[in-house]
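Participant: Positions 1 to 304 (full-length UniProt numbering) are the ones given, in order, by the sequence shown.
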Amino acid sequence: MSDWVLGPDVLARARFAVSHLAVAMTALGRLHARPSPEFAATLADRPVHRALLDEGIARRWIADCFTPATEPADSLHDELDAVRRTPDRQVRQDIEQVRGVMPSSTLRRARRLGDAIAELHTLAWGLEVADDWPRLRRVLESDIVSRTTSLSRGGWAAALTDLRPGTAYLGEGVMRISSHDLPPKDLTDADLTFHPVQAGRGYVMWDLPARRFALTYPATGTGLRESTPPATALAGLIGGNRARLLRLLDAPASTTQLVARSGLTLGSVGNHLTVLRESGLVTRRRSGREVLYWRTPLGDELAG
């Protein structure tokens, strides 16, 4: 097992935050696994960029040069500064550590590899994230609100429950990161941040000289894009916004989460939920300080 040993000062400073770089890396990983036509065409005449992807991203590992733990900034461009500054020698070492063999001759000859990695992140952001970013950011921020609420009520054990597969807070300052057979890592005096992302199993990020560590995890509610239209028949029956909310309630959600996922105002969400509940399509129950809503069996049938 792979554990992080955290001192009390680390947990006192630890926080949840949105990271543009983490979101971009998640998008880049998806494009590497399933290239879109635009992505493939852009890389067709860029052998260095293709080699960086093929050699730096493996099934279970990502070369550290792709994911330095950075302080969250206002834009992806700002967060990519750390990537651009990575020396070529360090990029090659990180890739060799992932592959177990020396990088290809293409990467051994190339220069300014950090710039090329930053360009890959920027490309992935433009193709996969940019158009959906306002909605996606609301979803990520909603997840952070939910996690910090759990933290205030039940401590780190509650906040990190089901964070990502293989991760758990074991108590006494020990956090299990994954099932990989690796020696424990001492995070004494380190900075620790948790970043929600839009898909995948999550991954770790670090900047060892700066003693900065981060863990990404899949946020809830990222699967349905705001622009996805509700089924025509359902929308015609109960209205487009109510149909959208009904489809989002396949799992329990609070009004705050529904506002983030749907793009509707809090008042509008509340009014629509009242109608859906009075119609027998949605039920609710209090959970701590929140009220959670979800579909009834009749609502499930109607949502199809």
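Positions of the beta carbon are idealized from the N, C-alpha and C atoms, including for glycine.
1. For T274, verify whether its CB is less than 7 angstroms away from any heavy atom of the ligand PLP.
2. Would you grab the beta carbon distance between F213 and L187 for me? Rounded to a whole angstrom, and I think it's under 8 angstroms.
3. With three or more beta-carbon pairs closer than 8 angstroms as the criterion, would you say the region 90-108 touches the region 124-140?
4. Which two residues bound the contiguous alpha helix (DSSP H) that contains D54?
5. Going by Cα to Cα distance, which pick from R89, E119 and S142 is closest to T255?
6. Give me the Cα-Cα distance between T67 and T283, rounded to the nearest whole angstrom.
7. Tell me, which residues are paired with P196 by DSSP?
8. Quick check: what's the CA-CA separation for L281 versus L136?
9. Using only the alpha-carbon positions, how far apart do A260 and E301 sit?
10. Give the list of continuous alpha helix (DSSP H) stretches no shorter than 4 residues that lie fully inside the region 130-184.
11. Please determine if the region 48-59 and the region 96-106 are in contact, where contact requires at least 3 C-beta pairs separated by less than 8 angstroms.
12. With a 10 Å radius around its C-beta and 16 neighbouring C-beta atoms as the bar for buried, classify Q97 as buried or exposed.
13. Between the Cα of G239 and the Cα atoms of S268, A251, F194 and D78, which residue gives the shortest distance?
14. Determine the closest residue to G202 out of L298, W61 and A157, with distance taken between C-alpha atoms.
15. Do the region 68-83 and the region 190-208 touch if we need at least three Cβ pairs shorter than 8 angstroms?
16. Return helix, strand or coil for S268, following the three-state DSSP convention.
17. Please classify W206: does DSSP put it in a helix, a strand, or coil?
Facilitator: Looking at the atomic coordinates:
1. The ligand content of the structure shown is nil, which means the ligand PLP is not present either.
2. 6 angstroms between Cβ atoms; contact.
3. The region 90-108 makes no contact with the region 124-140; the number of CB pairs closer than 8 angstroms stays below 3.
4. P47 to G56
5. S142
6. Those two C-alpha atoms are separated by around 42 angstroms.
7. Y217.
8. 27 angstroms
9. Cα-Cα distance, rounded: 25 angstroms.
10. 133-159
11. Short answer: they touch.
12. exposed
13. Of S268, A251, F194 and D78, the residue nearest in Cα terms is S268.
14. W61
15. yes
16. In the three-state scheme derived from DSSP, where H, G and I count as helix and E and B as strand, S268 is classed as helix.
17. strand
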